[in-house]
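Novice:
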Amino acid sequence: MSALADVLAHVGARMGEMHSRRGWLLLAVFALLIAVVVPAVAPAYLVPLLGKFLCYGMAALAMDLLWGYAGILSLGHALFFALGGYGMGMYLMRSMAGEGVYRSELPDFMVFLDWHKLPWYWHGFQSFGFAVTMLLVAPGLLALVFGWLTFRSRIKGVYLSIVTQALTYAAMLLFFQNATGFGGNNGLTDFKRILGWPLQAPQTKTILYVASAIALVGTYLLCRFVVTSKLGRVLRALRDAELKTRFCGYESTNYKLFVWVLSAMLCALAGALYVPQVGIINPSEMQPSNSIEMAIWVAVGGRGTLTGALLGAWLVNGGKSWLTAAFPSAWLYALGGLFVLVTLFLPKGIVGAGGPLVEWLAKRRAQAAAPPPVAEPVKQEGT
Amino acid sequence: MTARRAILLGAGGLLLWLSFSSAAHAGMLEDAVQGLASSSEDKVEDSIRSLGTLDDARAWPALDALSDDRLRVGADGKVYIWDSKTHDAKDPITLAVVQAPRPLKEVEVSNEIRRVAGPVLAQLRLGSPSAGERLAAAEELSKAGDAEATTLLHKALDREKDPKVRDALTLAVARVDLASPSADARVGALQIIKKLGNDEFLSAVQRMVSKNDQGQFNEPDAKVRAAAQEVVDAIAGQQRLVSVVGSLLHGLSLASVLLFAALGLAVTFGLLGVINMAHGEMLMLGAYSTYAVQTFFQAHMPGAFRWYLLAAVPVAFLVTMLVGMLLERTVIRHLYGRPLETLLGTWGISLGLIQTVRLIFGAQNVAVANPDWLAGGIEITHGLVLPWSRIGVIGFVIVVAAGVWFLLQKTRLGLYVRAVTQNRAMAACMGISTKRIDMWMFGLGSGIAGLGGVALSQLSNVGPELGQSYIIDSFMVVVLGGVGRLAGAVAAALGLGVVNKILEPLAGAVLGKIAVLAFIILFIQRRPQGLFAIKGRVDA
Amino acid sequence: MSVAESTAPPEEIEPPLGQHGSEEGPHPTTVAPPIMLWAENLTVSFDGFKALDDVTLLLDRGELRCIIGPNGAGKTTLMDVITGKTRPSEGSVYLESRLQNLTQMSECQIAELGIGRKFQRPTVFQGHSVFENCELALKGAKGVFHSLFARLSKADRERIEEVLETIGLADLRNRQAGLLAHGQKQWLEIGMLLAQNPKVLFIDEPVAGMTQPEMERTAELFRSLAGKHTVVVVEHDMEFVRSIARKVTVLHEGRVLAEGPMDVIQKNERVIEVYLGT
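Protein chains in written order, with numbering that gives the first Met the number 0: chain G, 0 to 382; chain L, 0 to 539; chain Y, 0 to 277.
1) What is the rounded straight-line gap between the Cα of G/A77 and the Cα of G/E284?
2) Per DSSP, G/Q125 forms a beta bridge with which residues?
3) Measure the CB-CB distance between G/A59 and G/A352 and report whether it falls below 7 Å.
4) Taking only the alpha-carbon atoms, compute the straight-line gap between G/F175 and L/E229 and give it to the nearest angstrom.
5) Answer with yes or no whether the minimum CB distance from G/F150 to chain Y is below 7 Å.
6) Got a sec? Which residues, its chain only, sit under 7 Å from L/L195 by beta carbon, not counting five neighbours each side?
7) Relative to chain G, which residues along the stretch 105-125 of chain Y have a C-beta separation below 7 Å, given in chain order?
8) Does the beta carbon of Y/V143 sit closer than 7 Å to a beta carbon anywhere in chain G?
9) Return the bridge partner residues of G/Y158 from the DSSP annotation.
10) Check whether chain L comes within 7 Å of G/M293, counting only Cβ atoms and requiring the distance to be less than that.
11) If contact is defined by three or more beta carbon pairs under 8 Å, each pair taking one atom from either stretch, is the stretch 120-131 of chain L in contact with the stretch 56-66 of chain L?
12) Between which two residues does the alpha helix (DSSP H) holding Y/A110 run?
13) With distances taken Cα to Cα, identify the nearest neighbour of L/D55 among L/K77, L/G444 and L/T93.
14) Verify whether the separation of the beta carbon atoms of Y/V143 and G/F150 is less than 7 Å.
15) At the 7 Å Cβ level, is Y/L135 part of the contact set with chain G, yes or no?
16) Apply the 10 Å Cβ neighbour rule to Y/S96 and answer buried if 16 or more other Cβ atoms are within range, or exposed otherwise.
17) Please identify, using Cβ separations under 7 Å, the residues of the stretch 239-267 of chain G that lie next to chain Y, in order along the chain.
18) What's the call for G/D63, buried or exposed, on a 16-neighbour Cβ count within 10 Å?
19) Could you check where the alpha helix (DSSP H) with G/P201 kicks off and where it finishes?
20) In chain order, what residues of the same chain lie with their CB nearer than 7 Å to the CB of G/L65, ignoring the 5 residues before and after it?
21) How big is the Cα-Cα spacing for Y/S21 and G/W359?
22) For a contact meaning CB atoms closer than 7 Å, what does G/V339 contact in chain L?
23) With a threshold of 7 Å between beta-carbons, can Y/H251 be considered close to chain G, or not?
24) Quick check on L/V367: does DSSP put it in helix, strand or coil?
25) Measure the C-alpha to C-alpha separation of L/A23 and L/Q33 and round it to an integer number of angstroms.
26) For G/Y332, return the contacting residues in chain L, with the cut-off set at a CB-CB distance below 7 Å.
27) Check whether chain L comes within 7 Å of G/T205, counting only Cβ atoms and requiring the distance to be less than that.
28) Can the beta-carbon of L/V108 be found less than 7 Å from the beta-carbon of L/I47?
29) Could you give the residue range of the beta strand (DSSP E) that holds Y/I34?
30) Does the CB of Y/L147 have a neighbour CB from chain G at under 7 Å?
31) Residues bridged to G/I193 by DSSP?
32) What are the start and end residues of the beta strand (DSSP E) that includes Y/V123?
33) What separation, rounded to the nearest whole angstrom, lies between the Cα atoms of L/K160 and L/R224?
34) Rounded to whole angstroms, what's the CA-CA distance from L/P338 to Y/I243? Just pull it up for me.
35) Is the CB-CB distance between L/S543 and L/I393 below 7 Å?
36) Would you say L/V330 and L/G351 are within 7 Å of each other, going by their C-beta atoms?
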């Protein structure tokens, strides 16, 4: 019995570390908002778009975990996002076997290429459970291998970023090839059903949206759990002073590997939820510029603050959706300008800049209330 | 009579006879040519045959014009050759432009006539005074393998003195002999083909070693088959050589463009420590500058068009250098010491640059033409042509690389740059304006990339996204070659360009590229400081 | 100074009995080996230049040793080798029981075995609080999954408080380390070292940039540490060295020039030459 009490106490204490009471409340409100209120009031055509944004939010959280907290700027994370998407796409293609244009057990593009049987790596994807497992495990494994090779050679900083770019570029080239067996440059598309529900039906879209919302909140909680744990503190220590951290006895490679693989798998999950909502996955999802855009979401919002990542992802993509419709030729200028402005003037992003602002305001208040000595920096009550 | 008188008389008589007979001959030639326009087909064929007998190469233009529907009959009944381009009538034998009385009637030619004219045409051409013409005739015949031409060929071979034409005629004979009933003759022909032949003979010889539908060899004699197999192997070997050399050259020219990009990047990244994601766009701007100069010349100085490329070089250099310096002053200067931010910031700038170019020049590719002195190439052997444009690019990059080396090693500016690279604080203490150096160096790096764009415009398509495909490659070059050393960038660029192109025929272009990228990723794991790094600890 | 003289074996001067700070007497017992660290015949060469040339350092359990020497003598390199930052081209390092050669191990493994190091420039985790700094350094399991689910036990908390008291930063436990004064950062780093509870502490120039009172506090701290821990201090400041030193090792040009108690070393002619010459 006391063991149970211990566990509960432990859980309670951990929850207290993750958020203050106010924070938990805000989180609950937010979760309700995006998971219940929004799908109820939003017009049907907006639901997939919003769902897409939720997936971007998840990817941004994954990026922030890696960059903001561990200091590892990956410019190839869109690869994991895309791989997750491909995994889901493979399930969706298998689930409509026999219903394609060619009425074959094989997906249309394979028939078109004159293939007669399913490649070995497509087997098993008719099962949803298998597909979900694989779309997490495969990117995770890739991340594990690549990360192990990279971190153990002590590659970091800009070199690491460049090498991740090369990785995603190489993968994109590979997937563009028809011979690779993923639909070449057309990718996988024309999906019909997921778990029996037709993808075009509004209820399915809503369900997918809600699933994305739940996944987003779950991802957020997981990231919050990690960054408020001792592991999170070690990661930040590694980011700030790797050598010192090693001298304290922490094997930096293992820690980096952990957060790298976790981040990759979260991105893959985001991609998997993204694909049924947009209806297509192709190799251009892996292009180098996509990964760089993911970095700017986090930079704009504020890295090292999970809420900043979400804010950045939604602001930038919202702006993109609006501008590409209203002033298409201005979008690239806006995006480019965003990159320049944020790096020059907002290195901590919007939320990051908010911190010092809050501090400054608090200081002013304290000074007005009581003259010097100067109050200690206000501990930020975060959400 | 005295000996002298006898000789004079003899010479005079000879002369008289020659002129008389040549006159007679000339008269016969004119008659035969005139006969080509006859309304009777038989008479035409007779005329053709007598032209063959006369064996006078001057008859060839008229006969060729006949086959080509270019022979006309004037109102005076005389025959003329018609030049459709200049709308002139020409005398059939002297080819002088004359005033022919109109109307000019076309001479009708039937297939039968053409058939008769064919061999005579070949024969006359073989007797042309121009060696080039004879060579062309011989090569045509060697492709045709026409047995009827055999006597012609033997006759021509006997009197031919020019060695190249002799070879071509010998080959022509050999091709015919391939079908000879005598096995020895066939072996002899194969040996000639092995010595002189090229891949045009491949299919004919390969037929001999392959089986027909009944499962029997097309060539019954085993000895002949063996000789034929040797020929096939020899030709295959030659083809491989051509392909390898071609690939190598292609790889070298690709490496040259990559080297331009990498040289510039080695300056900005290697010496200044700045990751410039807009570097690819400098290449693009250089290419578009070339296009703009070309357009300007087309519009305002069409006469000097062939020199537009020379004007484009300084223009491209200046434009990209200025853009680079502007970039450095406004953005990059404020991001020194923060490589990740520089990476992101310059990426944003590259987006803006691409969009600007799109808005000004359009999103489609633009055509940049090679000036005439860069068109064509040197033909090394049959089938292997080294394009002048690629040779030019390679030469250009060597000059520029040497220039950069000279600048850095032998000039004062270069000394300052090296000082700033090695110890910025110390250099500043010594009065070197590090800010100015940074700006000039960034400009230089961008300018070099601009020159690369000029080169690139001569080799491939020019579009707004040109730079994107080079940026990853350039960074790979710098990372592979090691930061801080130009020699490394050179070695890596050469290596990458050549390896890429060599892998291409083996694995396909895309897989080749993937293999190269994978190799680099793995290489960096083992040797993070690159090929030629400055010794010391590896800091990112 | 001629080459021959500098290659002569270091002058071993036996300290008078009783000057050892160790709990054991001068005679070794079979229970705990008296020698804590064996660093033998270490040679490190960079491109032909020998930063360390056949250096041997033997540390008694619980002693407080100072390593001095002019710039470039190899003091920091010696520490780098022992703590695993640099691989020597020759030589070996053993802890206590001579089981594993430390030169084959990584920094983290050596740190986990019980060798702690404080760097020349204060290296603390600027973004963490004083308390968190100590928590991170605290001796204990350092694996990934342990860190993910770890909670500070009462004992851990008490230990951290103890350390904070020792270094005098208990009041500032929630202050961000980046905001501390220079001297405070030095102490924090020493505190982190204590939290690691290492068997051997290597401290590189602890009082650089400190005021006189700060220096005195630091000297007191080190004196109290000796006995429970084996401490090696590298310093330039002779006053400070004199105030804490028992046995001193003098390095010069990558070799051990002399070794012995401070007052004897100070009178050593060669040492005077080397120091006055620089």
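Just so you know, even glycine gets a beta-carbon here, dropped at the ideal spot from N, CA and C. No experiment lies behind these values; they were computed from the predicted model shown.
Specialist: Straight from the coordinates:
1) Roughly 7 Å between the two C-alpha positions.
2) Answer is none; G/Q125 lacks a bridge partner.
3) Not a contact, by the Cβ cut-off of 7 Å.
4) If you take the alpha carbons of G/F175 and L/E229, they lie about 42 Å apart.
5) G/F150 does not count as touching chain Y.
6) Here the set comprises D166, T169 and L170.
7) Result list: E106, C107, A110, E111, R116, T122, F124 and Q125.
8) Answer yes: the Cβ-Cβ gap between Y/V143 and chain G drops below 7 Å somewhere.
9) Checking the DSSP bridge columns, you'll see G/Y158 has no partner listed.
10) Between G/M293 and chain L, the shortest Cβ-Cβ separation is not below 7 Å.
11) Contact between the stretch 56-66 of chain L and the stretch 120-131 of chain L is present, with at least three C-beta pairs closer than 8 Å.
12) E106 to L112 is the span of the alpha helix (DSSP H), which, as asked, contains Y/A110.
13) Each of L/K77, L/G444 and L/T93 was checked against the Cα of L/D55, and the nearest Cα belongs to L/T93.
14) No, Cβ-Cβ distance for Y/V143 and G/F150 is not below 7 Å.
15) Yes, contact with chain G.
16) With fewer than 16 other Cβ atoms inside 10 Å of its own Cβ, Y/S96 counts as exposed.
17) Listed in sequence order: D239, A240, K243, R245, F246, C247, G248, Y249, E250, N253, Y254 and F257.
18) The C-beta of G/D63 has 16 or more other C-beta atoms within 10 Å across all chains shown, which makes the residue buried.
19) DSSP places G/P201 inside the alpha helix (DSSP H), whose first and last residues are P201 to T227.
20) Around G/L65: I71, S73, V258, W259 and S262.
21) Low per-residue confidence applies at Y/S21: pLDDT is 42, beneath 50, and the placement is therefore not dependable, though the value from the model is reported in the following sentence. Looking at the two C-alpha atoms, the distance is approximately 53 Å.
22) Ordered by position in chain L, the residues that pass the 7 Å Cβ test against G/V339 are V330, G344, G347 and I348.
23) So no, Y/H251 is outside the interface.
24) Coil.
25) L/Q33 has its alpha-carbon roughly 15 Å from the corresponding atom of L/A23.
26) The answer, in chain order, is G351 and Q354.
27) No, no contact with chain L.
28) In terms of Cβ geometry, L/V108 and L/I47 do not form a close pair [threshold 7 Å].
29) Where Y/I34 is concerned, the enclosing beta strand (DSSP E) stretches over I34 to F45.
30) Yes, because at least one Cβ of chain G sits closer than 7 Å to the Cβ of Y/L147.
31) Paired residues: G/W196.
32) Unbroken run through Y/V123: none, as it is neither H nor E.
33) Each residue's alpha carbon lies about 33 Å from the other.
34) Distance between L/P338 and Y/I243, taken at the CA atoms: about 44 Å.
35) Residue coverage of chain L in this structure runs from 0 to 539, which leaves residue 543 of chain L outside it and unanswerable.
36) When the beta-carbon positions are compared, L/V330 and L/G351 stay at least 7 Å from each other.
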